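For reference, each letter of the sequence shown is one residue, going 101 to 678 in this note's numbering.
Just so you know, even glycine gets a beta-carbon here, dropped at the ideal spot from N, CA and C.
The structure presented is a predicted model; accordingly, all values stated were derived computationally and were not measured.
Down below is the structure, laid out as structure tokens.
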Amino acid sequence: MTSAAEQAGPVQAGEPVELAAIRLRTALAGPRQGIEEAFLAVGARLGEASALLDPIVAAFEALPRDLSGSEMADAIARLGDFVDHTRAIANAFSSERQDIARLVTAVGAAYAPIDDLRRSVRLMGILAVNARIVAAGISDAVDQFDVFTTDIAELADVANKAITDFYEGHQQLSTAVTRAAGEFTAFETAHRDVLIGLADELGTGLADIEETRRASAERSAETARISREVSMRVAHAVMALQVGDSTRQRVEHVEGALDLLAGWLKEAPSLALSRAVLALEQAQLADAIRTFNSDTTSAHEALASLAADAGPAIADCLRLYGGKGGKGGTSLAALGDQTRRAAALLRDCEEERSRLGAMAERVARTVEVLVGHVEAVRDIEANMRLVSLNAAVKCAQLGPRGAALSVIAGQLRELTGDLVLAARMATERLADATSAASVFTAASTGRLAEQLGELERQASASVGQLADVDARLAHALATLERDGPAATARLTEAARGLGGHGAIAEALSDVQFEIAGLLERLPGSEVLADEERLVAAYAQLRRAYSMEEERAVHDRCAGPLAPAPAEPSAGEDDILLF
Numbered sequence: 101m102t103s104a105a106e107q108a109g110p111v112q113a114g115e116p117v118e119l120a121a122i123r124l125r126t127a128l129a130g131p132r133q134g135i136e137e138a139f140l141a142v143g144a145r146l147g148e149a150s151a152l153l154d155p156i157v158a159a160f161e162a163l164p165r166d167l168s169g170s171e172m173a174d175a176i177a178r179l180g181d182f183v184d185h186t187r188a189i190a191n192a193f194s195s196e197r198q199d200i201a202r203l204v205t206a207v208g209a210a211y212a213p214i215d216d217l218r219r220s221v222r223l224m225g226i227l228a229v230n231a232r233i234v235a236a237g238i239s240d241a242v243d244q245f246d247v248f249t250t251d252i253a254e255l256a257d258v259a260n261k262a263i264t265d266f267y268e269g270h271q272q273l274s275t276a277v278t279r280a281a282g283e284f285t286a287f288e289t290a291h292r293d294v295l296i297g298l299a300d301e302l303g304t305g306l307a308d309i310e311e312t313r314r315a316s317a318e319r320s321a322e323t324a325r326i327s328r329e330v331s332m333r334v335a336h337a338v339m340a341l342q343v344g345d346s347t348r349q350r351v352e353h354v355e356g357a358l359d360l361l362a363g364w365l366k367e368a369p370s371l372a373l374s375r376a377v378l379a380l381e382q383a384q385l386a387d388a389i390r391t392f393n394s395d396t397t398s399a400h401e402a403l404a405s406l407a408a409d410a411g412p413a414i415a416d417c418l419r420l421y422g423g424k425g426g427k428g429g430t431s432l433a434a435l436g437d438q439t440r441r442a443a444a445l446l447r448d449c450e451e452e453r454s455r456l457g458a459m460a461e462r463v464a465r466t467v468e469v470l471v472g473h474v475e476a477v478r479d480i481e482a483n484m485r486l487v488s489l490n491a492a493v494k495c496a497q498l499g500p501r502g503a504a505l506s507v508i509a510g511q512l513r514e515l516t517g518d519l520v521l522a523a524r525m526a527t528e529r530l531a532d533a534t535s536a537a538s539v540f541t542a543a544s545t546g547r548l549a550e551q552l553g554e555l556e557r558q559a560s561a562s563v564g565q566l567a568d569v570d571a572r573l574a575h576a577l578a579t580l581e582r583d584g585p586a587a588t589a590r591l592t593e594a595a596r597g598l599g600g601h602g603a604i605a606e607a608l609s610d611v612q613f614e615i616a617g618l619l620e621r622l623p624g625s626e627v628l629a630d631e632e633r634l635v636a637a638y639a640q641l642r643r644a645y646s647m648e649e650e651r652a653v654h655d656r657c658a659g660p661l662a663p664a665p666a667e668p669s670a671g672e673d674d675i676l677l678f
């Protein structure tokens, strides 16, 4: 490599010192610019690495608070309530099946007493016909036996109509209840196991989320710690780059001193001044090179170590999440889908139970109508007793001729008793149906109507909240996966940029050796011959320094001619960081 001093030309025998000083000053410009460019480039790479690392640190420092906060715990608790409710609805199928079975049984149990009522009414019709026939045989008493010829027939007609209406109403009720029971059975067969499966999946998914939340909080804290540690080492590396700026300044000060020397010598040549300033600048340059070599080597080793450590550190962060990278580490997507499916199925359950509830309400209304028919039968019973009593009186008046009518009157009394018993049994069975319907309505429709909508809203909000945190985790992981290797690459480039500092130090050393060679060619002189001028020169040069190291070298070289140190001005020791 051709040095800057060689490019400027070697010191020539007899070359004026002022010209040599200008040439050497020019020779220093190259390595100084090289320092500036190299360290600016390294600083830029470190700045880019820091800019990439800062968002990673920020993202993972915030995640543990999101994952472990009370809002997250509340969201999981609300989802737990939704899971419990889903299980409760699934388990309620058994009890509600029993309620419907009880309703079907109660309605079906009314068939027997209703059949008894219908049979009694048919017998009344037959009895009315027989009564007319027997009464017609007693020719001289026909007008006295309206009870047999008319009243019994009219009662039979009224009773037949009431019982027919009762029977038809019961038939419609039985058909509706049987159809509803069949629909419920079909719904239960199609949905109960699915709902139980969803509840189990939701419970498992929620447990997974809880474990992932705990593990992710720990992993995020560790990832933040590792990323922060890398970021802090980058900051320390940036601080170490001050050697570049300090060396640049010191080289500039040497250049300035050589420029001043050339000017001084042009005004009045002085061998003593030449030797003193050249010796001082040779010492300043040597000290600057020594510091530059030492500090830059340390900075390069630190950067190389940081670059070597950053890659595995980033890889460790990614391994904490099982290599999932930006895909996220939770099963929230599955949980959200399961929650939506469960909510949809619960809405179907609500609709089905609403239909069954409406059916139960219709049962209650129908039973009220049927009970009204039973009341009509009871009125008929009272009239039958009255007719039976009248018939008995008429038979007693007829004596032996009324024996046949007396038999009819007795049968009428028996039918009245049968009618009363059948009506009471029918009423009891219908009361059971009403009770079963009210139990079913209270146990299903009311509960779902009050709870399902709010639980579904809370579950959806909780899934949304968990999804937001999961999205932030996925974003943090994607940032880590994308920017972590990029930051490592920038650190590697920065380390590589400092690796060329040896060439810069060599170029500076060439100039230092040129100054030393120039000094060797200068004849000796008595410093005291030009003491006043030297004191002034030393003082002017010392005022240009910005670092304590320069002042120490200066005072050592100037010896007794060094001026008394002044208080440093404000900002005198400020250091420019890249």
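Nearest Cα to residue 483 within the set 117, 257, 176: 257. DSSP places residue 116 in the coil class of the three-state scheme, outside both helix and strand. Counting along the chain, the unbroken alpha helix (DSSP H) around residue 307 starts and ends at 252-340.
The closest CA to that of residue 345, considering only 395, 375, 642, is found on 395. Under the three-state reduction of DSSP output, residue 172 falls in the helix class. Out of 520, 127, 559, 528, the CA that lies nearest to the CA of residue 183 is found in 559. Look at residue 599 here: in three-state DSSP terms it is coil, with no helix or strand label.
Its Cα nearest to that of residue 467, the residue 272 stands out among 259, 157, 596, 272. Counting the other CB atoms within 10 Å of its CB gives residue 213 a total of 16 or more, which places it among the buried residues. Restricting attention to alpha helix (DSSP H) runs no shorter than 4 residues, the region 367-424 encloses them at 371-419, ordered along the chain. Under the 10 Å beta carbon count, residue 131 is surrounded by 16 or more other beta carbons and is classified as buried.
Contact check for residue 193 against residue 292 passes: the beta carbons are separated by less than 8 Å.
In the three-state scheme derived from DSSP, where H, G and I count as helix and E and B as strand, residue 647 is classed as coil.
With the rule of 3 Cβ pairs closer than 8 Å, the region 435-453 does not count as touching the region 259-272. Residue 631 and residue 348 have their C-alpha atoms some 31 Å from each other. Separation of the CB atoms of residue 605 and residue 393 is rounded to 5 Å, and the pair is thereby assigned contact status at 8 Å.
Counting of Cβ neighbours within 10 angstroms places residue 169 among the exposed residues, the total staying below 16. Fewer than three beta-carbon pairs drawn from the region 371-389 and the region 557-572 are found closer than 8 Å, and the two stretches are therefore not classed as touching. A buried status is given to residue 494, since no fewer than 16 other beta-carbon atoms sit within 10 Å of its beta-carbon. When only Cα atoms are considered, residue 298 and residue 441 end up about 8 Å apart. If you draw a straight line from the Cα of residue 300 to the Cα of residue 151, it is about 46 Å long.
Counting only runs of 4+ residues, the alpha helix (DSSP H) found wholly inside the region 500-582 occupies 503-543, in chain order. If you draw a straight line from the Cα of residue 172 to the Cα of residue 134, it is about 55 Å long. The beta carbons of residue 526 and residue 210 sit about 5 Å from each other, so the pair counts as a contact at 8 Å.
By the Cβ test, the region 396-411 is in contact with the region 328-346, since at least three Cβ pairs between them sit closer than 8 Å. For residue 390, the closest C-alpha among the options 207, 280, 650, 155 is that of 650. In this structure, DSSP gives residue 159 a helical state, which the three-state scheme calls helix. When the five nearest sequence neighbours on each side are left out, the beta carbons in the same chain lying within less than 8 Å of the beta carbon of residue 306 are those of 176, 179, 180, 183, 435, in order along the chain. Look at the region 180-231 and you find no whole run of alpha helix (DSSP H) that is 4 residues long or longer.
Excluding sequence positions up to five before and after residue 351, its CB lies within less than 6 Å of the CB of 128, 132, all in the same chain and listed in chain order. Taking 8 Å as the cut-off, the beta carbon of residue 512 is found closer than this to the beta carbon of residue 488. The three-state secondary structure of residue 131, taken from DSSP, is helix. Within the model, the alpha-carbon separation for residue 308 versus residue 591 is close to 38 Å.
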